[in-house]
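2 protein chains.
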Amino acid sequence: MWDPYVKDCPTRALLDRIGDKWTVLVVGTLAGGPLRFSEIARRVDGVSQKMLTQTLRALEADGLVVRTQYPQIPPRVEYELTAVGHTLRDPLRALEEWAKEYMPQVLEHREAVAVR
Amino acid sequence: MWDPYVKDCPTRALLDRIGDKWTVLVVGTLAGGPLRFSEIARRVDGVSQKMLTQTLRALEADGLVVRTQYPQIPPRVEYELTAVGHTLRDPLRALEEWAKEYMPQVLEHREAVAVR
DNA sequence: CGGCATCCTCGTTGATACTG
DNA sequence: CAGTATCAACGAGGATGCCG
Numbered sequence: 001m002w003d004p005y006v007k008d009c010p011t012r013a014l015l016d017r018i019g020d021k022w023t024v025l026v027v028g029t030l031a032g033g034p035l036r037f038s039e040i041a042r043r044v045d046g047v048s049q050k051m052l053t054q055t056l057r058a059l060e061a062d063g064l065v066v067r068t069q070y071p072q073i074p075p076r077v078e079y080e081l082t083a084v085g086h087t088l089r090d091p092l093r094a095l096e097e098w099a100k101e102y103m104p105q106v107l108e109h110r111e112a113v114a115v116r
Numbered sequence: 001m002w003d004p005y006v007k008d009c010p011t012r013a014l015l016d017r018i019g020d021k022w023t024v025l026v027v028g029t030l031a032g033g034p035l036r037f038s039e040i041a042r043r044v045d046g047v048s049q050k051m052l053t054q055t056l057r058a059l060e061a062d063g064l065v066v067r068t069q070y071p072q073i074p075p076r077v078e079y080e081l082t083a084v085g086h087t088l089r090d091p092l093r094a095l096e097e098w099a100k101e102y103m104p105q106v107l108e109h110r111e112a113v114a115v116r
């Protein structure tokens, strides 16, 4: 009844893609609309310039984010979710809501077991 | 309007938890009902004994999976999602459906960009 | 401002062998 | 069958410095 998780299934590909430390957070941050590089960095607490650049480049390569550079000095670059990028928001939001609802008790259980 | 992703928000904790290589796949596999260790290993293609054990232990510690050992020889151990574990299925399924729907074009876009 | 290049460390994962 | 133990490899990620 349940498909086995074979090596090349799309679920695995997605996990490889969003399983890193920053991708989901960046997508969530961009959900509200286009933002500048520095603004994303400010909202995603703790991300380094390197990792933010790397994450955004990868999202761009996958067609989930578009990068717009304005020819100004100082430079101004904005990032925005594409149409496909926006469709990813719903499942990610479901994950976030689950996290808010259940993570506290999960962490509590983890602690309780660890003490023993 | 959008919450910044501060370091200790539940979303990050969840990502740390399910962002590894096997957790989501194991939870998905157990969604259909209790399974023996070897059966899970068979359905999750490529997982090593070590990683499967490690993943299951962590899920157990977090109260998402229960482990039942039957005193037999040879040993028989079954794993099953807890009530909380089952609540995680919906958001994960949403992710899987997105993957089936959109990952092909994401990968295609990635390829198309890479060639340039 | 928005990067890129480099170095380095640590944690996750994998391979292999052994066990109750 | 269902693990445990050990070792080795790899790569994500962080720190730092420089640049158009």
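Those protein sequence lines, which keep their order, are chains A and B. full-length UniProt numbering puts the first residue of the first sequence at 1, with every later residue one more than the last. full-length UniProt numbering puts the first residue of the second sequence at 1, with every later residue one more than the last. Using N, Cα and C, we set each Cβ at its ideal position, and we do this for glycine too.
Starting from residue i and walking both ways along the alpha helix (DSSP H), at which residues does that stretch end?
| i | result |
| --- | --- |
| Val-84 of chain A | 83-87 |
| Ala-13 of chain B | 10-18 |
Comparing the CB of residue i with every heavy atom of the ligand FAD, is any distance shorter than 7 Å?
| i | result |
| --- | --- |
| Thr-87 of chain B | The model on display carries no ligand, and the ligand FAD is accordingly not part of it. |
Whose C-alpha, out of the options, is nearest the C-alpha of residue i?
| i | options | result |
| --- | --- | --- |
| Arg-36 of chain A | A:Gln-69, A:Val-115, A:Lys-100 | A:Gln-69 |
| Pro-74 of chain B | B:Val-65, B:Val-47, B:Ser-38 | B:Ser-38 |
| Val-84 of chain B | B:Val-44, B:Asp-62, B:Tyr-5 | B:Asp-62 |
| Lys-7 of chain A | B:Val-115, B:Leu-25, B:Glu-101 | B:Leu-25 |
Give the secondary structure of residue i by DSSP, where H, G and I count as helix, E and B as strand, and everything else as coil.
| i | result |
| --- | --- |
| Leu-64 of chain B | coil |
| Gln-69 of chain B | strand |
| Val-26 of chain A | helix |
| Val-44 of chain A | strand |
| Val-77 of chain B | strand |
| His-109 of chain A | helix |
Give the straight-line distance between the Cα atoms of residue i and residue j, rounded to the nearest whole angstrom.
| i | j | result |
| --- | --- | --- |
| Ala-112 of chain B | Val-66 of chain A | 15 Å |
| residue 125 of chain A | Ser-48 of chain B | Outside the displayed span of chain A (1 to 116) sits residue 125 of chain A, for which this structure offers no information. |
| Met-22 of chain B | Gln-72 of chain A | This sequence places Trp at residue 22 of chain B; Met is not what is there. Computed Cα separation, rounded: 46 Å. |
| Glu-97 of chain B | Met-103 of chain B | 10 Å |
| Leu-92 of chain A | Val-27 of chain A | 9 Å |
| His-86 of chain A | Arg-57 of chain A | 17 Å |
| Met-51 of chain B | Pro-4 of chain B | 33 Å |
| His-109 of chain A | Ala-94 of chain A | 22 Å |
| Arg-42 of chain B | Arg-12 of chain B | 31 Å |
| Val-44 of chain B | Val-106 of chain A | 24 Å |
| Asp-16 of chain B | Leu-14 of chain A | 16 Å |
| Ala-99 of chain B | Glu-60 of chain A | 17 Å |
| Gly-18 of chain B | Ala-114 of chain B | The question names Gly, but residue 18 of chain B is Ile in the sequence shown. Using only the alpha carbons, I get a separation of about 29 Å. |
Keeping to the same chain, check which residues put their C-beta closer than 6 Å to that of residue i; ignore five residues upstream and five downstream.
| i | result |
| --- | --- |
| Ala-31 of chain B | Arg-89 |
| Ile-40 of chain A | Thr-29 |
| Met-1 of chain B | Low local confidence applies: a pLDDT of 49 at Met-1 of chain B is under 50, so the model's placement there is unreliable, and no value is given. |
Below 7 Å CB to CB, which residues in the same chain sit around residue i once its five sequence neighbours on both sides are set aside?
| i | result |
| --- | --- |
| Pro-34 of chain A | Glu-78, Tyr-79, Glu-80 |
| Cys-9 of chain B | none |
| Thr-53 of chain A | none |
Which same chain residues end up closer than 8 Å to residue i when comparing Cβ atoms and leaving out the 5 residues on each side of it in sequence?
| i | result |
| --- | --- |
| Val-76 of chain B | In the sequence on display, residue 76 of chain B carries Arg and not Val. Result list for Arg-76 of chain B: Arg-36, Gln-69, Tyr-70, in chain order. |
| Asp-20 of chain A | Thr-55 |
| Leu-64 of chain B | Val-27, Leu-81, Thr-82, Val-84, Gly-85, Leu-88 |
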